Each structure stands twice: as structure tokens, then as C-alpha cells.
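66 is the number that the UniProt record's numbering gives to position 66 of the sequence shown; each next residue is one higher, with no gaps.
All residues carry an ideal CB built from backbone N, CA and C; glycine is no exception.
Bear in mind the structure is a predicted one, so any value in this text is a computation, not a measurement.
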Amino acid sequence: MASYDLFLFQHLISPRPFLMIAGSNAQTMHYSRTAAGDAKAPKELSVVRGKNHFQLYDDLNDTALKLIELFGKALQ
């Protein structure tokens, strides 16, 4: 991560929808908050309570509905 700074290119994402899903216990939460804060609209930071970064991959029940909602809106 140290040699690649995704934040330098974040402005290129807009106006595409930006969804950041992060666990409230994730060590990487500060990156998620920074990315979502710097993103241009439309954007959303969805925080899953009680999960860390890796637990989000193990249990899709907390994230799948957000993804379905995003794609449902974006692909109309």
C-alpha cells in the first residue's frame, strides 16, 4: 500500500457511484473514512457494526444488500 496512493486518482471515479463498505472494528477504518469524505457525489460510506475488515468477506449478509441497492440504482 505504501507505494500506491489510490487517493491521488479518486477524483476520476466521479460521477460514478462510490460505495465504501467498512467494518466498525476494521484497522483500515481511517482509510475508508478518508476515501468517502474526499469522494464526490454520489457517495456513501456504509459501516457494518462489530465487524473487522476480514469478517466482511466471510459473511455477505451484511454487505450484499448494499451492493444490490447500489447496482439497482446505478444500472437503471
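Going by DSSP, name the residue or residues bridged to residue i.
| i | result |
| --- | --- |
| Gly23 | Val48 |
| Lys40 | Answer by DSSP bridge pairing: none, since Lys40 is not bridged. |
| Phe18 | Lys43 |
Measuring straight from C-alpha to C-alpha, what distance separates residue i and residue j?
| i | j | result |
| --- | --- | --- |
| Lys43 | Ala74 | 12 angstroms |
| Thr28 | Tyr4 | 16 angstroms |
Excluding five sequence neighbours on each side, which residues of the same chain lie with their C-beta closer than 7 angstroms to the C-beta of residue i?
| i | result |
| --- | --- |
| Ile21 | Ser46, Val48, Leu56, Thr63 and Lys66 |
| Gly37 | none |
| Gly23 | Val48, Lys51, Asn52, His53, Gln55 and Leu56 |
Are the Cβ atoms of residue i and residue j separated by less than 8 angstroms?
| i | j | result |
| --- | --- | --- |
| Phe9 | Ala35 | no |
| Phe71 | Ala39 | no |
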